[in-house]
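First comes the structure, then the notes that go with it.
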Amino acid sequence: MSNNTTKKFINDHSTEQAKKEAILRKPQVVSQNQSVSVKTKIRVENLNFFYGNVKALNNINLGVAENSVTAIIGPSGCGKSTFIRVLNRMNELVPHTRVEGKVFLDGHNIFDPCCDVVEIRRKVGMVFQKPNPFAKSIYENIAYGLRVNGLKDPNVIEEKVIQSLEKAALLSEVKDRLHDSALRLSGGQQQRLCIARCLAVEPSVILFDEPCASLDPISTAKIEELILDLKKQYTIVIVTHNMQQAARVSDVTGFFLMGELIEFGPTEKIFTAPSDKRTEAYITGRFG
Amino acid sequence: MQRLREKIYRWIFTILAFASLIFLVGIILFLFKESLPLFRYVPVGDFLLGTAWYPTHEEAEFGILPLIVASLWVTLGALVICVPLGVGSALYIHELASARQRAFLKPLIEILASIPSVVYGFFGMVIAAPFLQQLLKLPTGLCAFTASVMLGIMAVPTVTSIAEDALSCVPNSFREASLAVGANRWQTLTQVVLPAAGSGISTAIILGMSRAIGETMTVLMVAGGAAVMPRSFFDPVRPMTSTIAAEMGEAAVGSLHYNALFSIGLILFLITLIFNILAEIISRRFRLKLGLGR
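Residue numbers (our numbering), protein chains in the order written: chain A, 1 to 288; chain B, 1001 to 1294.
In structure tokens form, the structure reads like this:
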């Protein structure tokens, strides 16, 4: 009897695995329609993550195509923030955590012992839930990232600061007060400054961890517009609580529930014809 | 009935809160009352800038410049020791140590603060002074240098715990933001965390200074006690505090010597008051800068 159930469980697991892999391939198929030479930027394989003894992520597998926006949705505590913070190894800063599995960035496993974590964080930029500019001037907030990455020429730094502000759609609002404290900006402006700071060091991936959670609707609209614009040059992964937001900005959506990736596929499909009942229940607002 | 009880409680706590204010005012008034008579006979300038301290001579002289210089001298030396040690350990404990190291180091440094100053003095006199005398080939181990070392060690817990508070006021999001743009730990520490905690750390240093300048027992036992202008760090000196402690017992109540000792106390009080006000101003600015309110 007990043997039987185990066997059944294994069977279930493997079919689910197959299903997931099938889903996993889908976004690439979709993107291939848009351009021929699409490439997988990030590939996550059998990823587990532990806070102490608590398993926060359970066997996550997915692939993120280059120059796409991937939204991660799910109820609070489902592991979506944990997931995104694994991608730039930010979660290592939390004591007593452990990671298993592999995350490939451009084909290299970021957990490889010979991999430089500082280099990964430079390549994979991050914008946080709460705007977190330094207690420095607007200019210095951006120049900092350039300087720590070894840039010295003040002319080049200035040029890049201006460029980044421009890209983050903030330049027109702050160009007369670049040397004022960044903490005097409004919440939405601070968040765009954080995006500019992130862009300045020229990452190829940008992670957004609920970037609009503390912003008003107008600032939110600006940030969303910006994300759609940035997609042309960067690969974007965004965690969001707001399903409309996921629907508006993303090409691919992943639904997390209790540390598991329940469904992963084209945003359109997830929001119109989800294949898992739990996804449907979440999207139609029956829980979460 | 309920109301009356509430009123009584309110009064009790109001009185308790204001008691310290009453003590403060009382002490200040007393300091002024006992020290002012001196200035009828000795001009303030001669008192502050005179270099001869002969309070018991026939022709008594009350110049306290050597004592002030000694105090500042010893405090400066203590700073040289307690700032790197104190700020360094705060940085290590707060930013670099593992949870286990922190749990072990923090109480250890706090124990340092609970050692009575006479024990420090005794240790300095019996162990540190002879050791330094031999090591540096000094004429005497009881000198400003030894006193500085002892005071420096004593001020470490003050500096560490306040500097650590300042570091914990720096939001974690600053560190994350810095690491996220590809800064390493060292860059994050020196270019983001330290500047953000900077004024909090200067508060720590100033309070460490007032701890050192007000310390009495240790300097009395270790500094050597010569009331002459020091020419180097290795001369015996007599700071203001130890002068008061050593001479108060033998000064006749109401004599000029007695008044002069109170005046020294007054000057000492003013110096530490200035330090504390400075520390308060800086720390207030620090909290405003980080957007933490008052």
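C-beta atoms are modelled at their ideal positions from N, C-alpha and C, and glycine is treated no differently.
The continuous alpha helix (DSSP H) containing residue 282 (chain A) extends over residues 277 to 283. Residue 1254 (chain B) and residue 1038 (chain B) have their alpha carbons spaced roughly 10 Å apart. With a threshold of 16 other beta carbon atoms within 10 Å, residue 1040 (chain B) falls short and is exposed. For residue 205 (chain A), the three-state secondary structure derived from DSSP is strand. Around residue 111 (chain A), the same chain offers 99, 102 and 103 as residues with beta carbons nearer than 7 Å, after the five sequence neighbours per side are excluded.
Residue 1193 (chain B) and residue 1095 (chain B) do touch by the CB rule: their CB atoms are close to 7 Å apart, below 8 Å. In this structure, residue 1174 (chain B) lies away from residue 149 (chain A), with their beta-carbon atoms at least 8 Å apart.
In terms of beta-carbon proximity, residue 1191 (chain B) lines the interface with chain A, with at least one pair separated by less than 8 Å. By the Cβ neighbour-count rule, residue 192 (chain A) is buried, with 16 or more other Cβ atoms within 10 Å of its own. Within the segment 125 to 141 of chain A, the residues whose Cβ lies closer than 8 Å to any Cβ of chain B are, in chain order, 125, 126, 128, 130, 132, 133, 134, 135 and 136.
The C-beta distance from residue 1149 (chain B) to residue 1112 (chain B) rounds to 14 Å, too long to meet the 8 Å contact threshold. Residues of the same chain with their beta carbon placed closer than 6 Å to that of residue 1161 (chain B) are lacking, with the five preceding and five following residues left out of the count.
From the beta-carbon of residue 1187 (chain B), the residues of chain A found nearer than 7 Å are 148.
By the neighbour-count definition (other C-beta atoms within 10 Å, threshold 16), residue 139 (chain A) is a buried residue.
Put simply, the CB of residue 1145 (chain B) is far from chain A, with every gap to its CB atoms at 8 Å or more. Within the same chain, Cβ atoms closer than 8 Å to the Cβ of residue 1092 (chain B) are found at 1105, the five residues on either side in sequence being excluded. With 16 or more other CB atoms across the displayed protein chains lying within 10 angstroms of its CB, residue 1075 (chain B) is buried. Residues of chain B with a Cβ closer than 7 Å to the Cβ of residue 115 (chain A) do not exist; the shortest Cβ-Cβ separation is about 14 Å. Scanning its chain for C-beta atoms nearer than 8 Å, with the 5 sequence neighbours on each side dropped, one finds around residue 1152 (chain B) the residues 1077, 1078, 1079, 1080, 1081, 1082, 1085 and 1212, in chain order. Secondary structure note for residue 155 (chain A): its alpha helix (DSSP H) is the uninterrupted segment 154 to 167.
As the crow flies, the alpha-carbon of residue 274 (chain A) is around 9 Å from that of residue 265 (chain A). Distance from the CA of residue 1123 (chain B) to the CA of residue 186 (chain A), rounded to the nearest whole angstrom, comes to 57 Å.
Using a 10 angstroms sphere on the CB of residue 1066 (chain B), the tally of other CB atoms reaches 16 or more, which defines it as buried. Counting only runs of at least 3 residues, the segment 42 to 97 of chain A fully encloses the following beta strand (DSSP E) elements, listed from N- to C-terminal order: 54 to 65 and 69 to 73. Straight through space, the alpha carbons of residue 1143 (chain B) and residue 1035 (chain B) are spaced by roughly 29 Å. Beta-bridge partners of residue 243 (chain A) (DSSP): none assigned. Chain-ordered listing is empty here: chain A has no CB closer than 8 Å to the CB of residue 1200 (chain B), the nearest sitting near 12 Å. Note on geometry: alpha-carbon atoms of residue 38 (chain A) and residue 235 (chain A) lie some 12 Å from one another. Listed along the chain, the chain B residues whose CB falls inside 8 Å of the CB of residue 198 (chain A) are 1180 and 1181.
Think of a sphere of 7 Å around the beta carbon of residue 1174 (chain B): the chain A residues whose beta carbon falls inside it are 132 and 134, in chain order.
In this structure residue 134 (chain A) is buried. Its beta-carbon is surrounded by 16 or more other beta-carbon atoms within 10 angstroms.
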